[in-house]
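**Q**
Numbering (my numbering), first residue to last: 334 to 487.
1. Can you look up residue 352 in the DSSP assignment and give me helix, strand or coil?
2. Quick test of your reading: residue 380 and residue 357, contact by CB under 8 Å. State the CB separation rounded to the nearest angstrom.
3. For residue 357, which of helix, strand or coil comes out of DSSP?
4. Going straight from the alpha carbon of residue 367 to that of residue 404, what length do you get?
5. In angstroms with no decimal places, state the Cα-to-Cα distance between residue 434 and residue 401.
6. Buried or exposed for residue 383, please, with buried defined as at least 16 other CB atoms from any protein chain shown within 10 angstroms of its CB.
7. State buried or exposed for residue 390, treating a residue as buried only when at least 16 other CB atoms are found within 10 Å of its CB.
8. Rounded to whole angstroms, what's the CA-CA distance from residue 347 to residue 464? Just pull it up for me.
9. Quick one: residues in its chain with C-beta nearer than 8 Å to the C-beta of residue 438, no 5 flanking neighbours on either side, listed in chain order?
10. In chain order, what residues of the same chain have a beta carbon less than 8 Å from the beta carbon of residue 406, not counting five sequence neighbours either side?
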């Protein structure tokens, strides 16, 4: 099945709405603005989940297809907070490292400074400034201590 598409649109994903809606990916460019399209895997069902994670919508399904494609070396996911980018990437990474042995290790990093923020202007030590950036949610995590330690702190 070939369909006209923009030049250089390899690894693009296509949604065709309608009664028989279909989700496709560009498999290869065959020349003269034509491409070969193929059906994407549907990761929205629990039986076809990636490390127990199922896609909740079309965009997440496209993301999991890109992340699980062994021919794609680098995937960039953009979206607002809470859309599942990190969860999907980690699930795909774990599946390909632990189950498929495609990789030996997973290296997860976070930006040390958000865009527009300069840690030099924040109060506190360097460690106090960097801890929330390196471990999101750390400030919300409860700390535990022994009853003896809490009594001696009084």
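All residues carry an ideal CB built from backbone N, CA and C; glycine is no exception. None of the values given here were measured: they were computed from a predicted structure.
**A** Walking through what the data contain:
1. Mapped onto the chain shown, residue 352 falls at position 19. DSSP places residue 352 in coil when its eight states are reduced to three.
2. Here residue 380 refers to the residue found at position 47 when the chain shown is read from its first residue. Here residue 357 refers to the residue found at position 24 when the chain shown is read from its first residue. That pair is no contact at about 21 Å.
3. Within the chain shown, the letter at position 24 stands for residue 357. Looking at residue 357 - three-state DSSP - the assignment turns out to be strand.
4. Indexing the chain shown from 1 puts residue 367 at position 34. Indexing the chain shown from 1 puts residue 404 at position 71. CA-to-CA, the gap between residue 367 and residue 404 works out to about 21 Å.
5. As a working mapping, residue 434 is identified with position 101 in the chain shown. As a working mapping, residue 401 is identified with position 68 in the chain shown. Between residue 434 and residue 401, the C-alpha separation is close to 13 Å.
6. In the chain shown, counting from the first residue as 1, residue 383 sits at position 50. With 16 or more other Cβ atoms inside 10 Å of its own Cβ, residue 383 counts as buried.
7. In the chain shown, residue 390 corresponds to position 57, counting from 1. Burial call: exposed.
8. Indexing the chain shown from 1 puts residue 347 at position 14. Indexing the chain shown from 1 puts residue 464 at position 131. Going by the C-alpha atoms only, they are around 41 Å apart.
9. Counting from 1 along the chain shown, the entry for residue 438 is found at position 105. Within the same chain, Cβ atoms closer than 8 Å to the Cβ of residue 438 are found at 430, the five residues on either side in sequence being excluded.
10. For the purposes of this step, residue 406 is identified with residue 73 of the chain shown, where counting begins at 1. Closer than 8 Å at the Cβ level, and outside the excluded window around residue 406, lies no residue.
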